[in-house]
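Participant: 439 is the number that this note's numbering gives the last residue of the sequence shown; the numbers go up by one with no jumps.
Ideal Cβ placement from N, Cα and C applies to all residues, glycine included.
A quick note: this is a predicted structure, and the numbers were derived from the prediction, not measured.
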Amino acid sequence: MNAPANIRELRISELSIHSGATPIVRNISLSLRPGQPLTLLGESGSGKSLVAQAVMGTLPPELVASGTIRLDGADLIASSPEERRKRWGRAISLLPQEPWLALDPTMQVGPQVAEVHRFVGGQAAPRSNARARANLDDVGLGHAGALYPFQMSGGMCQRAAIAIAHAAGSGLLIADEPTKGLDADLRDSVVTRLKQEVEAGRLLLTITHDIAVARALGGMVGIMLEGQLVDIGPAELVLGAPSHPYSRALLDADPESWDQRAQAPSGDAVLAGRFLAKAFGSHVLFRDFDVEVRAGEIVAVTGPSGCGKTTVGNILLGLVKPDTGSVERRKNVSPLRFQKLYQDPPAAFPPHQTIRRGLRDLAKLHRLQWAMWRNCSRAFVSTRTCSTACRARFREASCSASRSCARCFSIRSSCLPTRLHPASTRSARRR
Ligand SMILES: Nc1ncnc2c1ncn2[C@@H]1O[C@H](COP(=O)(O)OP(=O)(O)OP(=O)(O)O)[C@@H](O)[C@H]1O
Ligand SMILES: [Mg+2]
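Below, the structure is given as structure tokens:
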């Protein structure tokens, strides 16, 4: 890592963000100092990512920030775009919520990390390459330097983005959902890494929906609701004895507090994969993988990042061909009833089409009443709202089986799938 730039304080005062005359974020005040990370929690669409973008200087042009954001006294909002760009990577780095959107699709991941050492750190090419290899090794991607982003899983892209943010060694690191898409082991290692960044003297602003991550990072926690910071204080206080009703509701909604649902009787098989095998080149993902989904069931596939879970789903949906094995679907069920809820929701939407238009097309396709969908049709949405919109599409188009029974199929890193039945893990629990 390049040595962290020595930044002593980020102070945000009365930050508001408007879209035209409409306020989206209102009067946010908070500060960050070395040794005291701050984590923002809060409902989807509450403005967490917009705060991060306002600090970074990457708000879309149609949004206007007011108030002050001072980095060691320098007012960022008053700075010119050129001045702000000069700080990118050097003073401030952003680990974005959707890492694969930030990675260059035309470039192997190793050179993308090396570039940071070369152009931000001013290192010679051989040293940059060696450091990039070490950065990738640190996040378990030592083998992946020659891969392009499209050849990597969602969790691998996430880790590559972490390696890039770490390589930059800027004084302020903003991590927007750094553990999204990662299994529990990797999540813990990312948290450990973020804590190391704090110990190395970097200021850390983390945005997460994972309360365990906020708890593990410690420091200060802020809770956002409808564009406002409704609660802020030491992590143990806000997460231990929350004072604001929304903070209490948020903590109660944590999956840790979910009830285990009773298992409902399951019906006939709707979808099955038999003896599935898939390899990419010499990389064997799985073989002899059997999976079956019966009416009334929830089936979960779990396993480490990059082990092939998304590929299993894509094979079952007919989006990817297995090397061997077969997929059976219940006869007389329309292909439209087999749907995918995407891991990276923005990838599921055409960027130049409004959500309204997409939902209208869907309602037409399924001969549904448009009135049902009207409320979901805002033109610009937060990432998790994209996810909600995806779920709306998924719910409507998916098999009508009630989902109250869960089974879990685990793919282990050894590539040999284990079948667990019935579900006995948290990952298979659903509300
Ligand atoms: N370019 C834009 N124009 C208008 N509104 C926008 C724009 N970008 C985001 N918004 C709105 O701002 C609000 C906050 O968005 P933001 O992405 O900050 O939410 P978030 O708290 O990060 O949510 P999530 O947890 O889902 O990522 C949302 O209501 C969103 O629809
Ligand atoms: Mg966000």
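1) Run the proximity test for D184: is its beta-carbon closer than 8 Å to any non-hydrogen atom belonging to ligand 2?
2) Can you check whether the CB of F297 is closer than 9 Å to the CB of G326?
3) Does DSSP put V335 in a helix, in a strand, or in coil?
4) Less than 9 Å between the C-beta atoms of Q159 and F288, yes or no?
5) With DSSP collapsed to three states, give me the class of I100.
6) So for N35, helix, strand or coil by DSSP?
7) Once DSSP output is grouped into helix, strand and coil, what is the label at V128?
8) Kindly examine ligand 1 and report whether one of its heavy atoms sits closer than 8 Å to the Cβ of I20.
9) Report, in whole angstroms, the separation of the C-beta atoms of I215 and A60, which I expect to be a contact under 8 Å.
10) So, does the stretch 132-140 touch the stretch 82-95, judging by three or more C-beta pairs under 8 Å?
11) Buried or exposed: which applies to G118, given that a residue is buried once 16 or more other Cβ atoms fall within 10 Å of its Cβ?
12) Please confirm whether L212 and E205 have their CB atoms less than 9 Å apart.
13) Which partner residues of K286 appear in the DSSP bridge assignment?
14) Per DSSP, what are the beta-bridge partners of P242 in this structure?
15) For L246, tell me which candidate among L46, L40, L344, G28 has the shortest Cα-Cα distance.
16) What do you reckon, are the CB atoms on R201 and I240 nearer than 9 Å?
17) Let me check understanding here. Comparing Cα to Cα, which of R95, A220, I172 lies closest to W108?
18) Pull up the DSSP beta-bridge partners for R210, would you.
19) Which whole-angstrom value describes the C-beta separation of I25 and L71, a residue pair presumed to lie in contact below a C-beta threshold of 8 Å?
20) Under the criterion of a Cβ to heavy atom distance below 8 Å, does K56 qualify as lining ligand 2?
21) Please classify A379: does DSSP put it in a helix, a strand, or coil?
22) Spell out a yes or no on whether the stretch 247-256 and the stretch 266-275 are touching, meaning 3 or more CB-CB pairs, one atom from each, closer than 8 Å.
23) Go ahead and label M442 buried or exposed: buried means 16 or more other beta carbons lie within 10 angstroms of its beta carbon, across all protein chains shown.
24) Let me check you understand the geometry: is the CB of I215 closer than 8 Å to at least one non-hydrogen atom of ligand 2?
25) Using a Cβ-Cβ cut-off of 7 Å (strictly less than) and excluding sequence neighbours within five positions of I15, which residues of its own chain qualify?
26) For ligand 2, is there any heavy atom lying closer than 8 Å to the beta carbon of Y105?
27) Kindly list the residues whose CB is nearer than 6 Å to the CB of P186, restricted to its own chain and excluding five residues on each side of it in sequence; keep chain order.
28) Can you tell me which of the three DSSP states G162 falls into?
29) Output the distance between the C-alpha atoms of V309 and S74, rounded to the nearest integer angstrom.
30) By alpha-carbon positions, which one of E234, I219, K56 ends up nearest to D260?
31) Indicate, with yes or no, if ligand 1 has a heavy atom lying under 8 Å from the CB of E244.
32) In the DSSP assignment, find the unbroken alpha helix (DSSP H) run with S255 in it and report its ends.
Facilitator: Taking the definition as stated:
1) yes
2) no
3) Taken through DSSP and simplified to helix, strand or coil, V335 comes out as strand.
4) yes
5) Note: I100 maps to strand in three-state DSSP.
6) If DSSP states are grouped into helix, strand and coil, N35 belongs with the strands.
7) helix
8) no
9) 6 Å
10) no
11) G118 is buried by the Cβ-count criterion.
12) yes
13) DSSP output for K286 lists F294 as bridge partner(s).
14) M228
15) The identity of residue 246 in the sequence shown is Val, whereas the question assumes Leu. Closest by alpha carbon: L46.
16) The Cβ atoms of R201 and I240 lie no closer than 9 Å to each other.
17) I172
18) Note: R210 sits in no beta bridge, so no partner.
19) 5 Å
20) yes
21) helix
22) no
23) Because the chain spans 9 through 439 in this model, residue 442 falls outside it and cannot be assessed.
24) Checking the Cβ of I215 against ligand 2 gives yes.
25) The residues are L79, D80, A99, G179, L180, L211.
26) Note on residue identity: the sequence assigns Gln, not Tyr, to residue 105. True, at least one ligand heavy atom lies under 8 Å from that Cβ.
27) For P186, where only same-chain residues beyond five positions count, the Cβ hits under 6 Å are L103, V198.
28) Helix, per DSSP.
29) Going by C-alpha positions, V309 is about 45 Å away from S74.
30) I219
31) no
32) Per DSSP, S255 belongs to the alpha helix (DSSP H) from 253-260.
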